[in-house]
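Heads up: the sequence shown runs through residues 176 to 624, numbered per the numbering used here. Note that CB positions come from ideal geometry on N, CA and C, so glycine has one too. No experiment lies behind these values; they were computed from the predicted model shown. A quick write-up on the structure given underneath.
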Amino acid sequence: MKVKTFHALTMQDAMRAIKEELGPEAIILSSKEVHQGGRMLRVFNRPVLEVMAACEQDPLRRDEAPQPLAEPPSVESPAPVPVVKSFQAALQSVMESNHSPIESAVPEQAALPSRAAGQKWTRHRLQHLRAELRDVSRLLAESLPPETQSIETGKPPVIARLCRSFIQQGMRPSTAEVLGDDLLERLGPDECRHEGAIATALQEAIACRIGISGPILGREGGRAIGVILGPSGAGKTSIVTKLAAHHRIELGQSVAVVTFDTYREASVDQLRQYARTLGVPFAAAQSPQQLHQGLRRHGRADVVLIDMPGVGPEDVSSAAELHRLIGEESVITTHVVLPASSQERDLRRVLDRVKDLPLLRLLFTKLDDTESFGTIFDVARHTGLPLSYWGVGQRVPEDIELASPERLAECLMAQRYVVSRVPMSRPPGSLREAPVPEAVGAMCESNEW
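Shown next, in the form of structure tokens:
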């Protein structure tokens, strides 16, 4: 006799598997519910059926078996075991109720309780399992990645493909639908075939849904202070050096660099070396009050860039204190540095920590290492925070650029970072010779305030 155990969601599926593997003469030996199966079933603790079935060995093989040398005395075969007959009857009743009978080699002599139990299973348990299976299918569909979800039909093929590419780049399907509908309103039937018209319409659709802050600028004749805040590894120190080089070399402004990251010596040494190379003052501050006093004594720099260690409670508290102490004297903006390759939920977790700071800006880095431009649009749209700069490489100061709807639309359509053909713009009247003032230059010697 050949015995095998089957697992299935429904008795009908088990019967089908038994018939295919063991043949129509198979009988059920036992059946019970067990908590096994696929990952989703374990997550939701749904039971499956474990059915043990058996059948006689292949008759051809039985006939070919070698005969013993001496025939044993004939012994009358015992009558069939009643339990086997009972299981055979249960199998027959269940399969008849599901319109998939298996012919039985044993005459049907089933006990009435077994047949009644099979019919009760068919009426109740199978219906319950089908309902549970529908629930699991629905949950599976909801948990699928965004790129597998469909876009509403009825859009022109070009727009539908563009929306699907937005989803593949991390954009929410609902946001992609909104952009697709906006494009349809802005484009005529013929314009949907022209890439240039689509790009222009996409730029306009993006521009009306996200904000752009522009560069770090102070009031007329005043000082601008940029606080660079973000998680470890986001590229804050690199952004500070690029901005310092841009304002000092390309815009000809006087610049001062300050760090609060006194715990990481390598980061401090890197900033100090860059400051020495650029000929700009550098200082390490221990507290917002110390920075405030230093700015009063050495306050003739056009731009002051402040590198914060991270986005912990102490860092956020220091940034808030800086706004309170300096906000009335200078324009102070906080730029939250975020890796563009991060998932949206991680970016939102960082922004939740700093959401109460005034004059927040989004500064995305590592755009050259990602294709998640849809995530950038989603985060900017749902938080309402404007974009300031983008970090796109390791070169100083070349690999930083001002954020713009045009550039974001260009990258979304290309599904990759596209090197900018236009250098970062200069504010009107900013290009001038800017020697380092003596009072500010003294900071280079002391490295502290």
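| Cα-Cα separation, Leu204 to Met227 | 5 Å
| message | Between Ser563, Phe457 and Asp436, which has its C-alpha nearest Val154's C-alpha? | response | There is no way to answer for residue 154, as the model of the chain reaches only from 176 to 624.
| request: Could you name the residues of the same chain whose beta carbon sits closer than 7 Å to that of Val256, not counting the 5 residues immediately before and after it, in chain order? | output: Note on Val256: pLDDT 45, under 50, position unreliable in the model; the coordinate value appears next. Around Val256: no qualifying Cβ.
| field | Beta-carbon gap between Lys194 and Cys230 smaller than 8 Å | value | Contact flag unset, no.
| field | Residues sharing a beta bridge with Glu225, DSSP | value | His182 and Lys207
| request: Classify Glu519 as helix, strand or coil using the three-state DSSP reduction. | output: helix
| Per-residue DSSP class, three states only, for Cys230 | strand
| message | Suppose only complete runs of 4+ residues qualify. What are the alpha helix (DSSP H) ranges in the segment 323-397, listed by chain order? | response | 332-343, 348-361 and 370-382
| alpha helix (DSSP H) segments (min. 4 residues) lying fully within the segment 534-603 | 548-558 and 580-589
| request: Mind checking which residues open and close the alpha helix (DSSP H) that includes His498? | output: Pro488 to Ile501
| request: Could you check how far apart the C-beta atoms of Ser563 and Ala399 are, in whole angstroms? I think they sit under 8 Å. | output: Incorrect: roughly 12 Å between the Cβ atoms, too far for contact.
| message | Tell me the DSSP secondary structure of Val146 in three-state form. | response | The structure shown does not extend to residue 146, since the chain is modelled only from 176 through 624, so no value can be given for it.
| What span of residues does the beta strand (DSSP E) with Leu532 cover, start to end? | Bounds of any beta strand (DSSP E) do not take in Leu532, whose DSSP letter is neither H nor E.
| said: DSSP three-state label for Val455, please. | reply: In the structure shown, Val455 sits in coil (DSSP, three-state: anything other than H, G, I, E or B).
| Outcome for Asp531 when other beta-carbon atoms lying within 10 angstroms are tallied against a minimum of 16 | Exposed.
| field | Buried or exposed by the 16-neighbour rule on C-beta atoms within 10 Å, applied to Cys383 | value | exposed
| Beta-carbon gap between Ile387 and Ser547 smaller than 8 Å | no
| Contact the segment 413-433 vs the segment 551-559: 3+ CB pairs below 8 Å | no
| Can you tell me whether DSSP reads Asp188 as helix, strand or coil? | helix
| Considering only the beta carbon of each residue, do Met483 and Ser492 sit closer than 8 Å? | no
| request: Identify whether Leu480 lies in helix, strand or coil by the three-state DSSP scheme. | output: strand
| message | Using 8 Å as the cut-off, can you tell me whether the segment 501-517 makes contact with the segment 402-414, which would need three or more C-beta pairs spanning the two stretches below that distance? | response | yes
| said: Less than 6 Å between C-beta atoms, sequence neighbours within five positions excluded: which residues of the same chain meet that for Leu497? | reply: Pro463
| said: Is it buried or exposed, Pro533, if we count other Cβ atoms within 10 angstroms and call 16 or more buried? | reply: exposed
| query | Should Ala189 go down as buried or exposed, given a rule of 16 or more other Cβ atoms within 10 Å for buried? | reply | buried
| field | Whole-Å CB distance - Val593 paired with Glu581, under 8 Å assumed | value | Rounded, the Cβ-Cβ distance is 11 Å, inconsistent with contact.
| message | Using CA atoms only, rank isn't needed, just tell me which of Arg471, Arg447, His182 and Glu366 is closest to Pro331. | response | It is Glu366 whose Cα lies nearest to the Cα of Pro331.
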